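In the UniProt record's numbering, the protein residues as written are 1 to 231.
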């Protein structure tokens, strides 16, 4: 039984391991492997907290470890993806500039996670874009380019996205927009479910490019809520 209590932290460490391996895969041009490893990191990240709650073994160590893992898998890894997207699919850009902005987005992800750990506001909503959501956004964009289904939103056709995406993430991570999740009260959770369903429909019809578009729509909902206050 005591061994089972370590399962949540083992899942968190799996998240970190998958993220690190994905970075190595990207550096070696193994893009399909990297994408699969990102999926593994995401699954581990979704499971660790749920398993900890189920077993009743939530701990301060687990909270800190989770954030450290997310810095790698959903902060540093997406930054490397943006840089690799330039080298694989881009043209006419300054490599150093792309590297700087991508790195700043990773730093912003780290700051977002640190603030989350000390935030005393209710956890019914996210205050600012969650770091894993930002990582998923970049992964979907990168995947769309690899699949040749970026619909003109890839680095080759829109090279300045290598800067615009990190800037978007830096702002979305730090601005405390009230964003709904699956733990939100009824209006918020309904909004989140509708957005997920629309995202799935978009994925079936448009492919992976629908992932970043859905995340952008999610952040836009937070902006609209400032005016309409429906959740």
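Just so you know, even glycine gets a beta-carbon here, dropped at the ideal spot from N, CA and C.
Bear in mind that the values here come from a model prediction, so they are computed numbers and not experimental data.
*In three-state terms, what does DSSP make of residue 89?*
The answer is helix: DSSP assigns residue 89 an H, G or I state.
_Just to confirm the assignment: which complete alpha helix (DSSP H) runs, minimum length 4, are found wholly within the region 38-118?_
Counting whole runs of 4 or more residues, the region 38-118 contains the alpha helix (DSSP H) stretches 60-71, 77-89, 95-118.
_Let's test the definition: count the other Cβ atoms within 10 Å of the Cβ of residue 81 and tell me whether it reaches 16, buried, or not, exposed._
When all chains shown are included, residue 81 counts as buried.
*Is residue 230 helix, strand or coil by DSSP?*
Correct three-state label for residue 230: coil.
*Nearest-angstrom Cα distance between residue 160 and residue 146?*
Each residue's Cα considered, the two are about 18 Å apart.
*Per DSSP, residue 126 forms a beta bridge with which residues?*
Paired residues: 179.
*Taking Cβ positions, are residue 66 and residue 12 nearer each other than 7 Å?*
Yes.
*Would you say the region 48-60 touches the region 17-33, given that touching needs at least three Cβ pairs under 8 Å?*
Contact annotation: the region 48-60 does not touch the region 17-33, with fewer than three C-beta pairs closer than 8 Å.
*Decide if residue 71 is buried, meaning its Cβ has at least 16 other Cβ atoms within 10 Å, or exposed.*
For residue 71, the number of other beta carbons within 10 angstroms of its own is at least 16, and it is reported as buried.
*Outcome for residue 143 when other beta-carbon atoms lying within 10 angstroms are tallied against a minimum of 16*: The residue in question, residue 143, is buried, as its Cβ has 16 or more Cβ neighbours within 10 Å.
_Check whether the region 42-49 and the region 13-23 touch, using three or more Cβ-Cβ pairs below 8 Å as the test._
Yes: at least three Cβ pairs fall under 8 Å.
*DSSP three-state call for residue 148: helix, strand or coil?*
In the structure shown, residue 148 falls within a coil segment according to DSSP collapsed to helix, strand and coil.
*With 16 as the cutoff for other CB atoms within 10 Å, does residue 194 come out buried or exposed?*
With fewer than 16 other Cβ atoms within 10 Å, it is exposed.
*asked:* the ligand HEM and residue 58: does any heavy atom of the ligand fall closer than 6 Å to the residue's C-beta?
replied: This structure simply doesn't include the ligand HEM, nor any ligand for that matter.
*Chain-order list of residues whose beta-carbon lies under 6 Å from that of residue 245 (same chain, five-residue window excluded)*: No statement about residue 245 is possible, as the shown extent of the chain runs from 1 to 231 and does not include it.
_Can you check which of these residues, 214, 63, 98, is closest to residue 155 by C-alpha distance?_
When 214, 63, 98 are compared, the shortest CA-CA separation from residue 155 is found for 98.
*asked:* For residue 9, report the span of its alpha helix (DSSP H) as first-last.
replied: From DSSP, the alpha helix (DSSP H) with residue 9 extends over 7-27.
_For residue 191, report the span of its alpha helix (DSSP H) as first-last._
Segment 186-206, the alpha helix (DSSP H) holding residue 191.
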